[in-house]
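Since the structure comes first, as structure tokens, the remarks are kept for the end.
In the UniProt record's numbering, the protein residues as written are 1 to 248.
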């Protein structure tokens with residue numbers, strides 16, 4: 001499904017905690033979990049960290065435009081009890097599935113949560129010992145249909161988006177010599193995974209300025225947005241964005 005709208009400051013067509021940032025290179029593994037000598041042919045990049053003397057964390061990064069796909073903590077908690085936390089993430093950093101195993105008041109507990117891509121709780125189960133204490137599943141209200149739209153969000157918001165557009169914009173030397181100015185209107189797509197694709201010039205000025213504006217978006221194509229949503233599900237969003245060139 002696709003939708004359109006307007007982002008303030010830019011013209012557009014439809015627009016828990018973030019995972020830990022990547023640190024050391026870690027090691028690369030294939031689909032079977034076997035360690036590889038390099039990133040070539042790798043399925044995941046793996047980082048391991050001893051976060052307390054008795055608790056270890058492992059992070060699994062999806063290859064391509066890299067993103068944290070899963071985080072696992074396993075060991076003993078501060079009380080010396082067995083502990084396990086396993087979180088899988090949507091590409092834009094929102095938790096997708098959260099599984100936690102711990103001991104409380106002498107009883108083994110298992111807590112399971114599943115989330116829509118926009119963070120809305122989809123399912124929650126809590127098992128204490130052999131007793132199911134909580135069992136929640138999201139349901140649409142009976143007899144009505146609620147239509148919810150949310151625009152994509154650039155990391156850091158609109159202000160950061162404008163800053164990055166300015167940072168990546170390079171005025172072509174030929175355009176400076178010829179005193180070429182104007183506004184290039186660019187067209188692109190924010191996909192359901194948060195990456196931008198289908199970069200096109202919608203309204204051009206000159207070949208040099210058009211190429212410079214296109215390069216701006218290509219430079220930003222590896223930056224992952226939080227995608228647009230319709231009824232809690234990530235959708236494709238179409239944008240047009242003006243990039244203005246002027247000589248002081």
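Glycine included, each C-beta is placed from N, C-alpha and C at the ideal position.
{"Query": "Could you please give the first and the last residue of the uninterrupted alpha helix (DSSP H) stretch that includes residue 214?", "Result": "207-219"}
{"Query": "Evaluate residue 229 with the Cβ neighbour count: other Cβ atoms within 10 Å of its Cβ, from every protein chain shown; 16 or more gives buried, anything less gives exposed.", "Result": "buried"}
{"Query": "Is it buried or exposed for residue 106, if we count other Cβ within 10 angstroms and need 16 for buried?", "Result": "exposed"}
{"Query": "According to DSSP, is residue 245 part of a helix, a strand, or is it coil?", "Result": "strand"}
{"Query": "Out of curiosity, what's the CA-to-CA distance linking residue 227 and residue 245?", "Result": "28 Å"}
{"Query": "Mind checking who residue 67 pairs with in its DSSP beta bridge?", "Result": "62"}
{"Query": "I'd like the ranges of any alpha helix (DSSP H) spanning at least 4 consecutive residues and lying wholly in the segment 69-129.", "Result": "none"}
{"Query": "Report yes if the C-beta distance between residue 126 and residue 114 is below 7 Å; otherwise report no.", "Result": "no"}
{"Query": "Let me see if you follow: with CB-CB separation under 7 Å, is residue 78 close to chain B or not?", "Result": "In the structure shown, chain B cannot be found, because there is only a single protein chain."}
{"Query": "Does DSSP classify residue 166 as helix, strand or coil?", "Result": "helix"}
{"Query": "By the three-class DSSP mapping on this structure, what secondary structure does residue 160 have?", "Result": "helix"}
{"Query": "Quick one: is residue 174 buried, meaning 16 or more other Cβ sit within 10 Å of its Cβ, or exposed?", "Result": "exposed"}
{"Query": "If you follow the beta strand (DSSP E) that residue 27 is in, where does it begin and where does it stop?", "Result": "27-29"}
{"Query": "Nearest-angstrom Cα distance between residue 182 and residue 215?", "Result": "16 Å"}
{"Query": "Which value, in whole angstroms, describes the spacing of the CA atoms of residue 172 and residue 69?", "Result": "39 Å"}
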